[in-house]
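Participant: Input: one structure, supplied below.
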Amino acid sequence: MDHAEHHEEHPMIGYGTYISIWLALLILTALTVAIAGFDLGKYTTLVAMVVATVKTTLVGLYFMHLRYEPKVFHYMILVTFMIMVVIVIFTFIDGNRFSYLSHEVQAEVHH
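Numbering (the numbering used here), first residue to last: 92 to 202.
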């Protein structure tokens, strides 16, 4: 059996698409650096995570060719992403629960 018989042909992605994705990644990286210079308060981490998620999605879909893979791969990645989201949310909840400790320690250090 020929190797081509087992796999569907993926559409050819042109250089223009790759260059566009690369430019988008450069712009998003510049945005990440710019955001680091601003104090967005409690939204700083959220904005940074959203930008990182968009960048990861672009890399996965185009450079790792996941866009043209079977749906089962999409579901596996979605489940993995959702597990990561739950872990991050629990980490922030736990961190906020003990945030008063860091304020008390800072107050002791400054006095």
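Heads up, the beta-carbon is just placed ideally off N, CA and C, and yes, glycines get one too.
Bear in mind that the values here come from a model prediction, so they are computed numbers and not experimental data.
Roughly how many angstroms lie between the CA atoms of residue 161 and residue 155, to the nearest whole one?
Facilitator: 13 Å
Participant: Taking C-alpha atoms, which residue in 123, 158, 170, 116 lies nearest to residue 140?
Facilitator: 123
Participant: For residue 101 and residue 129, what's the separation of their Cα atoms in angstroms?
Facilitator: 42 Å
Participant: Can you tell me where the alpha helix (DSSP H) holding residue 106 begins and where it ends?
Facilitator: Counted as a single uninterrupted DSSP element, the alpha helix (DSSP H) harbouring residue 106 occupies residues 106 to 127.
Participant: Using a threshold of 8 Å, state whether the C-beta atoms of residue 119 and residue 138 are closer than that.
Facilitator: no
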